[in-house]
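Worksheet: the structure to be examined is printed underneath.
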Amino acid sequence: MMANLGYGILTVTFLVTLYSAFAAIYGESQKIPALVESARRAMLLTWPLLTLTAAILIYLLVNNHFEVQFVYEVTSRSMPTYLKVTAWWGGQAGSLLFWSWLMSAFASLVTLRKWDRDREFLPWVIFVACITMAFFIGMNVFFENPFAQLYQTSTRIEPHTFQPANSSLYIAPDGRGLNPLLRHPGMVIHPPMLYLGFVSFVIPYAFAIAALITGRTDDRWIRLTRRWALWAWLFLSFGLVLGGRWAYDVLGWGGYWGWDPVEIAAFMPWLTGTAFLHSVMIQEKRGMLKHWNMLLIILTYDLVIFGTFLTRSGVLSSVHAFAQSAIGPLFMGFVSITLITSVALILYRWDSLKSETQMTSLLSREALFLLNNLMFISILVVCFWGVIFPLISELFTGQKVTVGPPFYERATGPLFAALMLIMGIAPLSAWGHSTLKTLGRAIWKPTVVAVVITVAIFFTYTHNGYALIGFFLVAFVILVTLYEYWRGANARQKTQNENIFAALWNLTGRNRRRYGGYIIHLSMMLMAIGILGIELFQVETQGTVSTGESINIAGYTVQYKEVASWDDIPKGVNYTRAVVDVYKNGIYLGELHPRRDYYADAQQNMTIPGNRSTMRDDLYILLVDWEPASATGATFKIYVNPLVNWLWLGSLLFLFGIFIAAWPEKDPEHVTVSASRHVQQTSAAD
Amino acid sequence: MAELTNAAPRRGVPIWVQIIIWVFLVGLLAIVAVQLNRAQEGTVQPGSAISDFTFALFEGYEYNGQSQIKLSDLRGQVVVINFWASWCKPCEQEAAVLQAAWQEYESTGQVIFLGADYVDTPTEANIYLKKFNITYPNGEDRDLQRARPLSQYFRITGVPETYFIDSEGVLRYVHIGPLTSIEQIRSQIDLLLK
Amino acid sequence: MIGSPSRRRILHRAQHAILIAFIATLFARPVSAQVSPPTDDEVNKIAKQLYCPVCESTPLDVCPTEACRQWRDLIREMLTQGKSEADIKQYFVEHYGPQVLNEPPNRLVTYIVPIAAFLLGAFMLFRGFQAWKKPITTESALVEKARVDDRKNGRKGTGPIQDPYISKLEEELKKRN
Chain E
1 MMANLGYGIL TVTFLVTLYS AFAAIYGESQ KIPALVESAR RAMLLTWPLL TLTAAILIYL
61 LVNNHFEVQF VYEVTSRSMP TYLKVTAWWG GQAGSLLFWS WLMSAFASLV TLRKWDRDRE
121 FLPWVIFVAC ITMAFFIGMN VFFENPFAQL YQTSTRIEPH TFQPANSSLY IAPDGRGLNP
181 LLRHPGMVIH PPMLYLGFVS FVIPYAFAIA ALITGRTDDR WIRLTRRWAL WAWLFLSFGL
241 VLGGRWAYDV LGWGGYWGWD PVEIAAFMPW LTGTAFLHSV MIQEKRGMLK HWNMLLIILT
301 YDLVIFGTFL TRSGVLSSVH AFAQSAIGPL FMGFVSITLI TSVALILYRW DSLKSETQMT
361 SLLSREALFL LNNLMFISIL VVCFWGVIFP LISELFTGQK VTVGPPFYER ATGPLFAALM
421 LIMGIAPLSA WGHSTLKTLG RAIWKPTVVA VVITVAIFFT YTHNGYALIG FFLVAFVILV
481 TLYEYWRGAN ARQKTQNENI FAALWNLTGR NRRRYGGYII HLSMMLMAIG ILGIELFQVE
541 TQGTVSTGES INIAGYTVQY KEVASWDDIP KGVNYTRAVV DVYKNGIYLG ELHPRRDYYA
601 DAQQNMTIPG NRSTMRDDLY ILLVDWEPAS ATGATFKIYV NPLVNWLWLG SLLFLFGIFI
661 AAWPEKDPEH VTVSASRHVQ QTSAAD
Chain S
687 MAELTNAAPR RGVPIWVQII IWVFLVGLLA IVAVQLNRAQ EGTVQPGSAI SDFTFALFEG
747 YEYNGQSQIK LSDLRGQVVV INFWASWCKP CEQEAAVLQA AWQEYESTGQ VIFLGADYVD
807 TPTEANIYLK KFNITYPNGE DRDLQRARPL SQYFRITGVP ETYFIDSEGV LRYVHIGPLT
867 SIEQIRSQID LLLK
Chain W
881 MIGSPSRRRI LHRAQHAILI AFIATLFARP VSAQVSPPTD DEVNKIAKQL YCPVCESTPL
941 DVCPTEACRQ WRDLIREMLT QGKSEADIKQ YFVEHYGPQV LNEPPNRLVT YIVPIAAFLL
1001 GAFMLFRGFQ AWKKPITTES ALVEKARVDD RKNGRKGTGP IQDPYISKLE EELKKRN
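The listed protein sequences correspond, in order, to chains E, S and W.
Okay, so the first sequence: first residue is 1 according to my numbering, each after it adds one.
Okay, so the second sequence: first residue is 687 according to my numbering, each after it adds one.
Okay, so the third sequence: first residue is 881 according to my numbering, each after it adds one.
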């Protein structure tokens, strides 16, 4: 009953979104404001409807309604309640609903604001948002019904939306349960974070399309959606980091990123999104790079949809890919239509996106931002090519190939290094006129200090060439960024007579976007330290030992003490836990407990590492889960991951930086700049 | 002042650039679409004529004194091709059934069973075959004529899968998953023998 | 007897060599019998460069399935037989297809596209930059150009199209940036 109610409400919502979309553009084209207003109200209606739908689904999930196919597939009696709730996005049908729910929330938020100044955007924003929503809800209604129930016919048990003749409802005694890999706090937040990021990017895209259609291609659409883009980027970045942390904690591969096609599918919109965030600053300040900004937001949106498509259609082989299903071709169609329409629009409006000012120097800040865009797009091309190449190879040569980490690391390494270099130079460059002399004068000091630091690293830590280049760049960027802080605080101290702390506080407070952004740059450099450490200096070993024996690696001695095995019947898990003693250079450091959890319902193992973390390195011990473990022989795989915790520290600082950058503020600069432009235009008309 | 009040001459994007952009875009979408189509195709369907292939047998197996079998040489017999792997648990369920069925039909000379070992190691394959006493011809999943896996031709979606080909070389029945009883095999073969 | 003393000496030496070689073969044994079984690390070093032929995107050294365990054992077996890393990878490619390697066999095609795209992008940027340097017919650009020219000529900013309000604003902007 509840399931049918849920499906009914979902279908109504689908119709409402279609109505809203078409009422908006019909009302706009026929100049009927009342119809546009009706469309707006219809759109506002979608969120309560979807919330109700979601509430029903969660009710079914939590109450073990295994006659509903989705509930059967992703929950089981042994799962705790919070996991049953989060199972909402643990399967294809539920995650599509989750997508739609978020989309309607954001579209409603945007629609709720006062629309007096930018009324011409409204119908198009509603149209784009509602068409996207209609697509995802349509997927649910027609192909992946989260409320489909299981019916026993004469031959088998099948899922149906409506009860077929000569069948009865089939209620399984227990569900299949969520994949054990997903029953981890990181995995609980990772998909919602990513979806929040993906869906938030739809809003700037909708405004961009509205700008192209109405011809209002100045920076108004950017200002309106600046905060959306920033929050979208926050969620997406954080989702990626969480995914990495989860992989590190739970996958048992000793790594945080595998260049898996689906990881890359989430990474690609992040690349264009980051480029977009930087590039819009140039349009706001100098009226340049308008083509770039349109292109970047269109790419971001289409990569989001394309990435969702790749994940779910089964066209790629990937650890993440959801089971093959019929929605592949539909996603393909949607991607094609949106891509073709967006490109057609931008070509149509190409001339109206001309720059208002000119670039006078290759070394100016505008030029460096342009170079920034080039680097991000190049990394995007590398990633996209790596994902597409197996498809092309199979199509044209019949040969299946795999593009793995070596290609991505080799191809993106130099590009990331170039980005870091730009990160260091750009804050010191000047707007407009900038020469080698002026830039050189600003750069030489941080460069020298960075070189000194690198030489110190050479003598104390490593001779590895790549690492030294990496550390040099990290030091360079950190120095430049700190210098920017010092310079700004210094200026405040002199002019406002503040002490250093008040100066720093007020400096950041008054210029949140810039100085929050610098904190983000700093956090990225900390993450870079972690990445350089684990990628270039990781060592591993594997061995089978009996109790009392030890394994040595990188100065550590790991001694196998004992192993114990027990069942947790209510949870349906069998635990095998080993105890090892850790020594370094003879000094006892403590115990670690690598574990193997066997989930009976899913017949799958989870390997939980015993991990000792310091800023210097991680000692990461796995009980190799495919070998039997007993007192006479247990197989351990041990990784030593130098500097990896700088990666996690950096991501915490990153969160802090984003909050500062995104915190709403009165922006005195923007009032002045737009006023001056308006003044120029009116004075010419006189 | 005339230059100031005129808008910049409307150029748009040059036609040749537009053409390149569209060709590239459409080409990209086409490639993905074709591959998606392939991914969704599923196995070779009943009713298709199976093209000739050459199949090499493991050591210890032979057919008519030869260590290779060509499908065209089997014309006139019902051919049952079973894809299996030693690491595949469900395959073990059906191994005994297949061997029993083979023993029933071998003497008639009208049916031939072929086992194709999918993505496996020779050592383990041997152990598996010995364990279940499999006597019908078995070999590595490979089509020597086209130098590619036989499973790729049949577009199998996993193991075990069994393909029943009639005496004229046309595929008649595909069984996905383990064969659960000798009755299943008998009924299919008897149908094809008529 | 064969001929001159030097020839005889050469033949003598050759006979010695043949005899020694023959005796050596009696003592030769396959290398494996004298080498200890390969360690897990040696197996993993090769498995790391391969992908599981059946699982999705899982490197062979971390893959937990039965099948992968067998393939790692196969690598171990081949190492014991003295096969080299290249031999083992070749074997895997022959039997399981090129998708088992973690890099496409044809390096050139894989790398050429990103490199070409980057060069093309850089070239387009350069061309764009040249185009930007050409005069643009909007007021703000002319104002900008006038200011630049003034600075170059050392003048103080009293060019043809200067509104005192605008120049004050521009100064404010300079200060804030």
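Glycine included, each C-beta is placed from N, C-alpha and C at the ideal position.
Predicted model only: the values in this text are computed from it and were never measured.
Using a C-beta to C-beta distance shorter than 8 angstroms, which residues of chain E count as neighbours of residue 711 of chain S?
Per Cβ cutoff of 8 angstroms: 339, 340, 343.
If you measure from the beta carbon of residue 810 of chain S to each beta carbon in chain W, is any gap under 7 angstroms?
yes
Strictly under 7 angstroms for the Cβ-Cβ distance: is residue 977 of chain W near chain E by that measure?
yes
DSSP three-state assignment for residue 263 of chain E, whether helix, strand or coil:
helix
Where residue 647 of chain S meets chain W, residues with beta-carbon distance less than 7 angstroms:
The first residue shown for chain S is 687 and the last is 880, placing residue 647 of chain S beyond what the model contains.
Is the Cβ-Cβ distance between residue 629 of chain E and residue 576 of chain E less than 7 angstroms?
yes
Per the DSSP calculation, residue 168 of chain E is bridged to which residue(s)?
Under DSSP, residue 168 of chain E shares a beta bridge with E:152.
Taking 8 angstroms as the limit between beta carbons, can you name the residues of its chain near residue 404 of chain E, skipping five residues before and five after?
259
Give me the Cα-Cα distance between residue 329 of chain E and residue 343 of chain E, rounded to the nearest whole angstrom.
Whole-angstrom Cα-Cα distance: 21 angstroms.
Please confirm if the stretch 498–507 of chain E is in contact with the stretch 517–530 of chain E, defined as three or more CB-CB distances below 8 angstroms between the two stretches.
As far as the Cβ criterion goes, the stretch 498–507 of chain E does not touch the stretch 517–530 of chain E, which means the pair count is below three.
Of all the residues that make up the stretch 765–779 of chain S, which are near chain W by a beta-carbon distance shorter than 9 angstroms?
771, 772, 773, 774, 775
Between the stretch 219–239 of chain E and the stretch 250–258 of chain E, do at least 3 Cβ pairs fall closer than 8 angstroms?
no
Separation of residue 423 of chain E from residue 523 of chain E, as counted between CA atoms:
Here the alpha carbon of residue 523 of chain E sits roughly 13 angstroms from the alpha carbon of residue 423 of chain E.
May I ask you to verify whether the stretch 272–287 of chain E touches the stretch 350–363 of chain E, counting CB pairs closer than 8 angstroms and requiring at least 3?
yes
With a cut-off of 7 angstroms, does the C-beta of residue 833 of chain S fall near any C-beta of chain E?
no
In terms of residues, what are the limits of the alpha helix (DSSP H) holding residue 94 of chain E?
92–112
For residue 715 of chain S and residue 862 of chain S, the rounded distance between their alpha carbons
32 angstroms
Given a threshold of 16 other Cβ atoms within 10 Å of its Cβ, counted over all protein chains shown, does residue 631 of chain E qualify as buried or as exposed?
exposed
What's the call for residue 243 of chain E, buried or exposed, on a 16-neighbour Cβ count within 10 Å?
Around the C-beta of residue 243 of chain E, 16 or more other C-beta atoms lie within 10 Å, and the residue is accordingly described as buried.
So what does DSSP say about residue 705 of chain S, is it helix, strand or coil?
helix
Meets three-Cβ-pair contact criterion under 8 angstroms: the stretch 952–964 of chain W and the stretch 830–840 of chain S:
no
Could you give the first and the last residue of the continuous beta strand (DSSP E) run that contains residue 579 of chain E?
573–584
Leaving out the 5 sequence neighbours to the left and right, which residues in its chain are closer than 6 angstroms to residue 537 of chain E when beta-carbon positions are compared?
So the list reads 642, once near-sequence residues are dropped.
Sequence-distant residues of the same chain with beta carbon closer than 6 angstroms to residue 375 of chain E, five excluded per side:
415, 418, 419
What is the DSSP secondary structure of residue 672 of chain E, counted as helix, strand or coil?
In this prediction, residue 672 of chain E scores a pLDDT of 41, lower than 50, which makes its location untrustworthy; no coordinate-derived value is stated.
One question on the structure: do residue 12 of chain E and residue 106 of chain E come within less than 7 angstroms of each other, judged by their Cβ atoms?
no
Which residues in chain E sit within 9 angstroms of residue 918 of chain W, going by Cβ to Cβ distance?
None at all; the shortest Cβ gap to chain E is about 12 angstroms.
Neighbour list for residue 394 of chain E in chain S, Cβ cutoff strictly below 9 angstroms
721, 724
What span of residues does the beta strand (DSSP E) with residue 612 of chain E cover, start to end?
610–613
Reduced DSSP category for residue 892 of chain W - H, G, I as helix; E, B as strand; rest coil:
Helix.
Give the secondary structure of residue 352 of chain E by DSSP, where H, G and I count as helix, E and B as strand, and everything else as coil.
Three-state result, residue 352 of chain E: helix.
Take residue 33 of chain E and list the residues in its own chain whose beta-carbon comes closer than 8 angstroms to its own, dropping the five residues that flank it on each side.
Only 27 meet the Cβ criterion.
Under three-state DSSP, which class holds residue 760 of chain S?
DSSP, reduced to helix, strand and coil, places residue 760 of chain S within a helical segment of the structure shown.
Determine the chain W residues that contact residue 269 of chain E at a beta-carbon separation under 9 angstroms, and present them in chain order.
The premise fails here: residue 269 of chain E is roughly 18 angstroms from chain W at the closest Cβ pair, so nothing lies under 9 angstroms.
Does the structure place the stretch 705–714 of chain S close enough to the stretch 359–366 of chain E that three or more beta carbon pairs sit under 8 angstroms?
Contact between the stretch 359–366 of chain E and the stretch 705–714 of chain S is absent: fewer than three C-beta pairs spanning the two stretches fall below 8 angstroms.
Near residue 734 of chain S, what residues of its chain come up, given a Cβ to Cβ distance below 6 angstroms and the 5 sequence neighbours on each side ignored?
857
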